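Numbering follows my numbering, with no gaps: position 142 of the sequence shown is 142.
All C-beta atoms, glycine included, are put in the ideal place defined by N, C-alpha and C.
All values derive from a computational prediction rather than experimental measurement.
One structure below.
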Amino acid sequence: MKKQILILCLILTGVYLSAQIKQSLSGVDSLKVGMPFELRIETDFPLKEIEIPDTLKQFRVLEQNIQPLGTGSIARLSIVPLRTGTLSFPKLDLKRAGLLGPGASTDAFRVFVLRSRAEADTLLREIKPLRRYPLQIEFWLYMLLLLFALALAIILLIPTKKKNRKPPVVIKAKPDPVEIVPPHLKALKALDELEQSGLLYRDYLSYHFSLSMILRVYLEERFGFGATQMTSSEIAESLKVFSFAPKRDYMAILHYCDMVKFAKARVEIEEILKRTAALRNLLQSGEKKTDV
């Protein structure tokens, strides 16, 4: 009996050591946030499942497709990066179909994500060059006309000064005081207008862009850094210096909006309304709440 168990262990060990895995990447050149790329995995054993770890925060796996290939399998994973810079993708455990032999794992790899958005992002626009209109004269001619106008004005003012006329007393009216609206009240007003617009039921992607921008404008006006021009990771770094700010609540809403905008995650209406209500509560209590 012991001899049979030993032979079975040797067979299983040989199967594990002989497992051949090939992996390759495509679409990683000039990679941007929200741009999917493909991880291709080929095995010489039948593949049942690829385990995606719960700790995967820098990427999102949109789709995985496993197909048989001879005695082995071929798998294709569509992956989207969520942050910029050099990102590390961890090893993935491969589960073997059937009872014979254990599975295996892929190799970890790194990709570089540019500090810009994918072409599908409609938030940013390229700045076009200035348009030249018909009959537009050269810039130096404008300067010449300005000098001529100044000389003419001086000539016309000289006789007036000789008469020693007293200038009329002009009583300047006091300007009306400018009402300063606190950032959280401006954000709450913008949130009310967004909910009343019905954009959620017409274009939920644009709704999430607007939801994210309301929070970014609020953070920019309250804490004084350019949140509207930053990525979510850069905003998280800027918030570290404010110990009293509810950073985790802010970043939870921003990461949720990023998942919908760039990773095209499908969410239910109830979840969207829940996130909108969370932002409203955060703005209403934002002046009192402190980070734990």
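| Asked | Found |
| --- | --- |
| Based on the DSSP secondary-structure assignment, which residues constitute the bridge partners of residue 28? | Per DSSP, none; premise fails for residue 28. |
| If residue 96 sits next to residue 46, beta carbons under 8 Å apart, how far is it from one beta carbon to the other, in whole angstroms? | 7 Å |
| Starting from residue 37, follow the beta strand (DSSP E) in both directions and report where the run begins and ends. | 37-43 |
| Let me confirm a value: residue 34 is counted as buried when at least 16 other C-beta atoms fall within 10 Å, else exposed. Which label applies? | buried |
| On the DSSP bridge list, what partners appear for residue 104? | 94 |
| If you draw a straight line from the alpha carbon of residue 175 to that of residue 269, how long is it in whole angstroms? | 48 Å |
| Per DSSP, which residues does residue 187 bridge with? Please list them. | None, per the DSSP bridge assignment. |
| What's the gap between the Cα of residue 153 and the Cα of residue 147? | 10 Å |
| Taking the beta strand (DSSP E) that residue 252 falls in, what are its first and last residues? | Per DSSP, residue 252 belongs to no beta strand (DSSP E); it is in the alpha helix (DSSP H), 247-261. |
| Could you check how far apart the C-beta atoms of residue 59 and residue 89 are, in whole angstroms? I think they sit under 8 Å. | 6 Å |
| Does residue 179 come out as helix, strand or coil in the three-state DSSP assignment? | coil |
| Would residue 24 pass as a contact of residue 40 if the rule is Cβ separation under 8 Å? | yes |
| Is it the case that the region 253-272 contacts the region 207-221, given that we only count it when at least three CB pairs across the two stretches are under 8 Å? | yes |
| Look up residue 195 in the DSSP assignment and say whether it is helix, strand or coil. | helix |
| Please classify residue 295: does DSSP put it in a helix, a strand, or coil? | Residue 295 falls outside the range modelled here, since the chain spans only 1 to 292, and no answer is possible. |
| Enumerate in chain order the residues of its own chain whose CB-to-CB distance from residue 295 is below 8 Å, with the five nearest sequence positions on each side excluded. | The requested residue 295 is not part of the displayed model; the chain covers only 1 to 292. |
| How would you write the range of the alpha helix (DSSP H) that residue 269 sits in, first residue to last? | 269-284 |
| Would you check if the distance between the CB atom of residue 80 and the CB atom of residue 262 is smaller than 8 Å? | yes |
| Give me the residue from 205, 179 and 84 with the minimum Cα distance to residue 266. | 205 |
| Just to confirm my understanding: we take residue 26, look at its own chain, exclude 5 residues before and 5 after, and list those with CB closer than 6 Å. What are they? | 38 |
| Among the residues of its own chain, which have a CB less than 7 Å from the CB of residue 181, if the five just before and after it don't count? | none |
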